[in-house]
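Presented below is the structure to which this report refers.
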């Protein structure tokens, strides 16, 4: 190769078996790997170092050349690639003759060389991606690498067949669903068609019933007309006979009526005379009753005088007795002065009120102070809530970007008691920036994995946490352990004041706060106490800063600078990258402020408790004073009542003496009052005797008049009886006559109405049947009418029944029948299409079954062979590992994959190889042993593995190296390239190995001066001199 990466010109002669390429870092080992990949039509992305082929040409050259000679049994194949830097193009040659990329790829494919397959070609920058390969990707890479050519082809065919099978299954399912829906719909249409015909039959019957009904109505009315006409003629004859019989009876009735009137006049005259006499008798009786009432009133007045005098005597006795009792009570009362006692009680009440006023003032002051303290407590709680909201925002950011980490955080907060020492939450939550503008420096300095990592003080606690999260809960989380000796307080190598002249204003550690374990880890791992942060001034003088300060890392306003010193040339090399915008630390919480707020909150709670105690004491004192106040007021009331009782008795006695004197003066003389009453009664009795005599004469006159009136009444009653008899006979005759006349009029009117109805009904019946006035009813109507009911009630009942049945068939029309026919044809067409698709689907399933048998059995055998060798390799290292074919669903061929499970400690279970669970060395060992398991089964001509042993511990590296040598140096294995920057001492080697040492540096001898034989002769000569 010429002008490729670090080489001007280089020629490599590998051996047929294991080729071990050894050299220090940066000498050009990986350049050989890049040349192999690019020379065999590989893409730059396969290597992972650049995206354009021109970047692999040595800097300063316009083109580069790679030439590879491949062994073949008949004649070797030489492939040459010339790379142009200017336009990023390549020129291809086969056996030094111009060719095309397609022709080269065909030659490479024919030799089963796959530089894009990590199972065959594993560059340094792709080592980590092997563990990141999914089970599906690993299966495809293995098929391409060691499987027969048709295996991967069968796999692809199965995936394509399965995809088409799914499409056909979905299509058949859709068509079946559509067919079922159409059948259900047409079933409904079928029912609608039947209902349509049923409805039409009902409508035809309704039409015929409606035609017959007016004819039946007409016939009924015509019969009624004939019957009414006959009844009217009979009524006319009866009316004539009754009028002839009534004439003699009328004349006799008139004569008796005149006699009755004469008697009635005489009776009325006598009645007037009797009434006048009776009125005079009543006047005399009223006068007598009035005199009796006057006598009763005089007696009643006398009795009242007597009762009044008795009441007066009784009141005088009671009053004298009451006065005597009060005077006795007054004499027994002792005269005492109660005013001093009342004044003493008033004095105590005044003192009590003053004390209550003081207590009320104290309570008011304490309540005011308590209200102020509660307002301050509420304000502090609001501030703490705001700070908690900021923490919640940080947690929501964590949850949105790293859901597994957030789930682990929730578990940790509930189970902190399970850990012996302090456990810190993810760093992105624990780190609080003093100024949010500086968050970008911290986030660009600390890796994303560590930003979401939990920090432990104890290694045992960390292992317990990872076992729970990764093994039991299957969460992808990171955790780190702080150094045993805290580094949080380490001092920087020089004070920041000395660096101000370069534009540095702070070390990275001074820009944020964090718990001690987090800060200790960051100082140990990232040396944040030794990384200065500068400004634009720093950037403007960056070369001077790098030379004078000797810092390995530093920050300017918008860039990060990393300074390295070459181990070979001792030259200083610096690189700078633009700072990414901060994502996690822009939200920060002032922990000092929160701590201060919590202290204030505790102090306020203490003050509030003290205030509550004081208020309780004052309230109890208030209740005591209130009880004492009530007692004093009651005592004062009793004293006042004792002083007022004597005065009240004296006043009552005086009032009663006055009342007694008045009653003694009001005495009544009962004898005078009795004498006056007797005189008045005698005068009234004389007047009563005169009135009685006059009344007797009037009674005799009244009796005589009543006897005369009675004779006249008896004569009138006899004549009235005869008149009533004749009137009853005449009245009965008149009733019959009027009834006969009314019956005749009614029948005549009814006959007229029925005649008009007959005409109207006949006209209506002809219109319903669409007949002319002179046209007779057709025979088909007569025949149809004979099958229908003959009475109106039966016709109406039948008609209502048919209308009800017809009304049940709503929403139907003639289009239903057309739609039914159309849907029937569509169903037939869809059934034919469905049958065709099912046949195609069955053919695909047969093809899948055939191809699956050709693919799956060889694949299982291949995986069993890989598993056998892989397990043996792990067993030889006192570890365990297995490889199996992972199948989620046997029919989903795109989900088949190869699963690698390993365990490196006897106390753990087998775990699937993932990018997160195993350490870097464990992943390297697993990758190397899997590739070795493929080595003996491999049908590719060579395999390349670049620096895979970098993360291994010495024990595993030695074991793996011995396995590589043993496996790759067998007769049947293909060529193997193993690139490493270092080797352990006292390794086991094989004669079939080829060791290629790569040297580079400023003192390197030119290639044309290299003479290996001269070197060997010189070495032997030096050896003999040492022996002498």
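Numbering (my numbering), first residue to last: 10 to 1037.
The C-beta atom is built at its ideal place from N, Cα and C for all residues, glycine as well.
| Asked | Found |
| --- | --- |
| Please determine, among 249, 85 and 152, the residue with the shortest C-alpha to C-alpha distance to residue 753. | 249 |
| Could you tell me whether the Cβ atoms of residue 909 and residue 896 are closer together than 7 Å? | no |
| Quick one: measure Cβ to Cβ for residue 978 and residue 1002, integer angstroms, because I've assumed they're closer than 8 Å. | 6 Å |
| Less than 7 Å separating the beta-carbons of residue 147 and residue 907? | yes |
| How would you call residue 1038, buried or exposed, if buried means at least 16 neighbouring beta carbons within 10 angstroms? | The question about residue 1038 has no answer here: the residues shown for the chain are numbered 10 through 1037. |
| For residue 880, which residues of its own chain have a beta-carbon under 7 Å away from its beta-carbon, when the five flanking residues on both sides are left out? | 890 and 891 |
| Check residue 101 in the structure and name its three-state DSSP category. | strand |
| Mark residue 302 as exposed unless 16 or more other C-beta atoms lie within 10 angstroms of its C-beta, in which case mark it buried. | exposed |
| What first and last residue would you give for the alpha helix (DSSP H) that runs through residue 735? | 679 to 777 |
| In three-state DSSP terms, what is residue 433? | strand |
| When you compare only the Cα positions, how much space is there between residue 804 and residue 812? | 12 Å |
| Quick one: Cα of residue 178 to Cα of residue 186, how far? | 12 Å |
| Tell me, please, which residues DSSP counts as bridged to residue 79. | 86 |
| Can you check which of these residues, 475, 226, 403 and 465, is closest to residue 777 by C-alpha distance? | 226 |
| Report the residue from 13, 622 and 17 whose alpha carbon sits nearest the alpha carbon of residue 1013. | 17 |
| Could you tell me how far apart the beta carbons of residue 543 and residue 514 are, in whole angstroms, since I believe they sit closer than 8 Å? | 7 Å |
| Within 8 Å, do at least three Cβ pairs link the segment 427 to 440 to the segment 453 to 473? | yes |
| Between the Cα of residue 610 and the Cα atoms of 392, 565, 761 and 533, which residue gives the shortest distance? | 392 |
| Just reading off the alpha helix (DSSP H) that residue 503 is part of, what are its end residues? | Where residue 503 is concerned, there is no enclosing alpha helix (DSSP H), given that its DSSP letter is neither H nor E. |
| Using three-state DSSP, classify residue 487 as helix, strand or coil. | strand |
| For residue 888, is the classification buried or exposed, using 16 other Cβ atoms within 10 angstroms of its Cβ as the cut-off for buried? | buried |
| Which runs of the alpha helix (DSSP H) fall wholly inside the segment 509 to 540 and span at least 4 residues, in chain order? | 525 to 534 |
| Would you report the Cα separation of residue 623 and residue 614, rounded to the nearest angstrom? | 14 Å |
| If I'm right that residue 286 touches residue 714 with Cβ under 8 Å, what's the distance once you round it to whole angstroms? | 6 Å |
| Taking 7 Å as the limit between beta carbons, can you name the residues of its chain near residue 757, skipping five residues before and five after? | 241 |
| Quick one: what does DSSP say residue 30 is sitting in, helix, strand or coil? | strand |
| Does the structure place the segment 472 to 489 close enough to the segment 913 to 927 that three or more beta carbon pairs sit under 8 Å? | yes |
| To which residues of the same chain is residue 299 closer than 8 Å at the C-beta, ignoring the five residues directly before and after it? | none |
| For residue 466, does the three-state DSSP call read helix, strand or coil? | coil |
| Give a yes or no on whether the C-beta atoms belonging to residue 501 and residue 447 are separated by under 7 Å. | no |
| Going by alpha carbons, who is nearest to residue 290 out of 161, 380 and 703? | 703 |
| Can you list, in chain order, the residues of its chain with a C-beta nearer than 6 Å to that of residue 571? Leave out the 5 residues immediately preceding and following it. | 562 and 584 |
| Under a Cβ-count criterion, where at least 16 other Cβ atoms within 10 Å of its own Cβ denotes burial, should residue 444 be classed as buried or exposed? | exposed |
| Which of the three DSSP states, helix, strand or coil, is assigned to residue 1007? | strand |
| Which residue marks the beginning of the alpha helix (DSSP H) containing residue 107, and which one marks its end? | Note, residue 107: premise wrong, no alpha helix (DSSP H); beta strand (DSSP E) at 106 to 108. |
| Give the range of the beta strand (DSSP E) segment to which residue 592 is assigned. | Taken as a continuous stretch (DSSP letters only), residue 592 belongs to no beta strand (DSSP E), as it is neither H nor E. |
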